[in-house]
Amino acid sequence: MILKIIKEKILFSLPIILLYYFSFYHFQIPEVGKINFFAFNFQMILIYFYTLKFPEVLGYGNIFLAGIINDTVLGIPLGTTSLSYLTLSLFTNYIRNATLRSVMTSEWFAFIPALFFSNLIYLLIINNFSNVSFYYTELLQNTFFTFLFFPIFHYFFSQYQKLFFRE
Amino acid sequence: MADNRDDFIIALRYALLKKGAKQKFSLFFLILLSISIITLDKFSPPFMSSVRSTLNDFVYYVSVVSSQPSKYKKYLVKKTKLHYSTMKDNKYLKEEIEYLKKQKFNNAFLSTENQILKKALDLSRVKSFEQDFSISSKVILDQESPFLKSILINKGSKNGVTKGMTVFNNDYLMGTIIEVNYLTSRVLLLIDLNSKLPVLIGGTEINGILEGTGKKRNLQLRYLPENYEIEPNKIIFTSGKDGFLVPGIPVAETYLSKKNKILIRLLGDPDQALIVNITNGQVEK
């Protein structure tokens, strides 16, 4: 009985575990030619999906804390990533309240302005609150592939929720 | 029109202030908290540096633990490759030993001749690389970031490391310390956009500033004389014009790329650095 409860708790908290894990550890995928095709922001996809579809799984407090950890690991001003993630959450919260029926394609395209605004916040803070120079092309590539990979992860996350929670 | 605007404002207010299912904090509160933290971090009041240092140490060590599975995978791949290349190396080394045996007598003569010449030039008394601080450190993290090309090392203020110290890997300049915590430090690599180093092109009297571009095989030389064209296979040394590093430390080299373009690459590969040496700037005594 206790084991079953623990298992359920772990399965329910897996998105939070993944969010923290990828904030602590930034995996590196070797570059293919000049473009790193697989460089994408997994946390953004995870936050966008879960705050949009299953807000009870991913708390804003966890998102905020994961952002602080991310900033510490990357050595950028504290709170930058948190604010960027929270902007994304604000966007999803707005979409959730403004739409009646959710369709994957519309969610995917709504991801464009969400990514744009969260990255804009990111850029503004980095430019105004630190002396760090920027790799704009790298960030642009990263954002593009984050957008491109969203449907794949949408499928996996939806299947995961269906499989374990029948939602 | 006014109704649409009202709907938008209501939806936005709802999104900002309503905590929703099982949410402990409202978005509005957390956004305000983030802005406060960014402001505090920017203006750095006295308590903030110790808070940040403690947080850095904690996060770095957890980050090291979380990167272990990946490191183990890399270790396995490396060991497998090593196993298959050992046979090949063994054959090559046997041939090399034979060759070196023949060279040994020749080297003995050259070494003696070198000593005699050094004595004649009085070079042996030059102490350009003397240090009053030198410490070895292990690289604990080399996270990819679109903002900073940096590595984390396991020595901090506890071991006497201070901001601005220089870091070497295999006698090649690698970067400088930009952040010091109690147990760990962050090294800004020469390949980073923020890195600028006064250098001298070997075999010439041309001075320039070596700048990072984020890529280890494509650094840039700025402020070169007009109409000067870089030649391939030139070693780039520190010029010492910053008054901090002694002149003559090899840093980078020029090379001809596959597309017949002359590019600049670092002599030491930051990705391969496992143990680094931290010094207090190679100040000449």
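In order, the protein sequence lines correspond to chains A and B. Residue numbers for the first sequence follow my numbering, beginning at 1 and rising by one. Residue numbers for the second sequence follow my numbering, beginning at 1001 and rising by one. For glycine and all other residues, C-beta sits at the position ideal for the given N, C-alpha and C.
query	result
Could you check what DSSP says for B/Ser1128 in three-state terms: helix, strand or coil?	With a pLDDT of 47 at B/Ser1128, under the threshold of 50, the predicted position of this residue should be treated as unreliable, though the coordinate-derived value follows. Of the three classes helix, strand and coil, the one that applies to B/Ser1128 here is coil, per DSSP.
Going by alpha carbons, who is nearest to B/Asp1007 out of A/Phe111, A/Phe144, A/Ala98?	A/Ala98
Please list the terminal residues of the continuous beta strand (DSSP E) segment that includes B/Phe1025.	Segment: none, B/Phe1025 is in no beta strand (DSSP E) and carries neither H nor E.
Am I right that B/Lys1163 and B/Ile1178 are in contact with their C-beta atoms under 8 Å? What's the rounded C-beta distance?	7 Å
Within the region 17-83 of chain A, note down every full alpha helix (DSSP H) run reaching 4 residues or more, in order along the chain.	42-53, 60-74
In chain A, which residues lie with their C-beta within 7 Å of the C-beta of B/Lys1042?	Pro77, Phe129
For B/Lys1149, is the classification buried or exposed, using 16 other Cβ atoms within 10 angstroms of its Cβ as the cut-off for buried?	buried
Would you say A/Phe64 reaches chain B, if we count a Cβ-Cβ gap shorter than 8 Å as a contact?	yes
Nearest by alpha-carbon distance to B/Gly1160: which of B/Phe1133, B/Thr1176, B/Val1199 is it?	B/Phe1133
Starting from B/Pro1198, trace the beta strand (DSSP E) both ways and give me its first and last residue.	1196-1201
For the pair the region 77-95 of chain A and the region 106-117 of chain A, tell me if three or more CB-CB distances fall below 8 Å.	yes
Examine chain B for any beta-carbon lying closer than 8 Å to the beta-carbon of A/Phe12, and answer yes or no.	no
Just curious, the alpha helix (DSSP H) that B/Ser1066 is in, first and last residue?	1046-1066
Inspect the beta-carbon positions of B/Gln1023 and A/Gly67 and report whether they are closer than 8 Å.	no
Would you report the Cα separation of B/Leu1032 and A/Tyr136, rounded to the nearest angstrom?	27 Å
Measure the beta-carbon distance from A/Phe22 to A/Phe157 and round it to whole angstroms, keeping in mind my assumption that it falls under 8 Å.	So it is not a contact: roughly 14 Å between Cβ atoms.
For A/Tyr85, is the classification buried or exposed, using 16 other Cβ atoms within 10 angstroms of its Cβ as the cut-off for buried?	buried
Measuring only the C-alpha atoms, how far is B/Lys1259 from B/Ile1191?	21 Å
Quick one: grab the DSSP three-state call for A/Val132.	coil
Along the region 85-114 of chain A, what residues have a CB closer than 7 Å to any CB found in chain B?	Leu86, Ser89, Leu90, Asn93, Tyr94, Asn97, Ala98
Kindly list the residues whose CB is nearer than 8 Å to the CB of B/Val1199, restricted to its own chain and excluding five residues on each side of it in sequence; keep chain order.	Asn1207, Gly1208, Ile1209, Leu1210, Leu1221, Ile1236, Phe1237, Thr1238, Ser1239, Val1251, Ala1252
Since I believe B/Thr1184 is in contact with B/Tyr1075 (beta carbons under 8 Å), could you give me their beta-carbon distance rounded to a whole number of angstroms?	In fact, because the Cβ distance is near 22 Å, the residues do not count as touching under 8 Å.
Closer than 8 Å by C-beta to A/Ser118: which residues in its own chain qualify, once you throw out the five before and the five after it? Chain order, please.	Met44, Ser84, Tyr85, Thr87, Leu88, Phe91
Who are B/Tyr1172's beta bridge partners in DSSP?	B/Asn1169
Taking C-beta pairs closer than 7 Å, name the residues in chain A that B/Lys1024 reaches, listed in chain order.	Gly59, Gly61
Count the other C-beta atoms from every protein chain shown that fall within 10 angstroms of the C-beta of B/Ile1278, then say buried if there are 16 or more, exposed otherwise.	buried
Classify B/Val1276 as helix, strand or coil using the three-state DSSP reduction.	strand
Let me know the secondary structure DSSP gives B/Glu1179 once reduced to three states.	strand
Which of the three DSSP states is assigned to B/Leu1123 in this structure?	Summary for B/Leu1123: the model assigns pLDDT 44, below 50, so the residue's position carries little reliability; its value from the coordinates is reported in the next sentence. Helix.
Any beta carbon of chain B sitting closer than 8 Å to that of A/Phe165?	no
Beta carbon of A/Tyr25, beta carbon of B/Ser1066: below 8 Å?	yes
Using a beta-carbon distance below 8 Å, is A/Tyr50 in contact with chain B?	no
Can you grab the Cα-Cα spacing for the pair B/Val1276 / B/Phe1168, in whole Å?	6 Å
Interface residues of chain A around B/Gly1214 at Cβ under 8 Å?	Tyr135, Glu138
In the DSSP assignment, find the beta strand (DSSP E) that holds B/Ser1257 and state where it starts and stops.	B/Ser1257 -> no beta strand (DSSP E), and no H or E assigned at all.
So, is B/Met1174 buried or exposed, given that buried needs 16 or more other C-beta atoms within 10 angstroms?	buried
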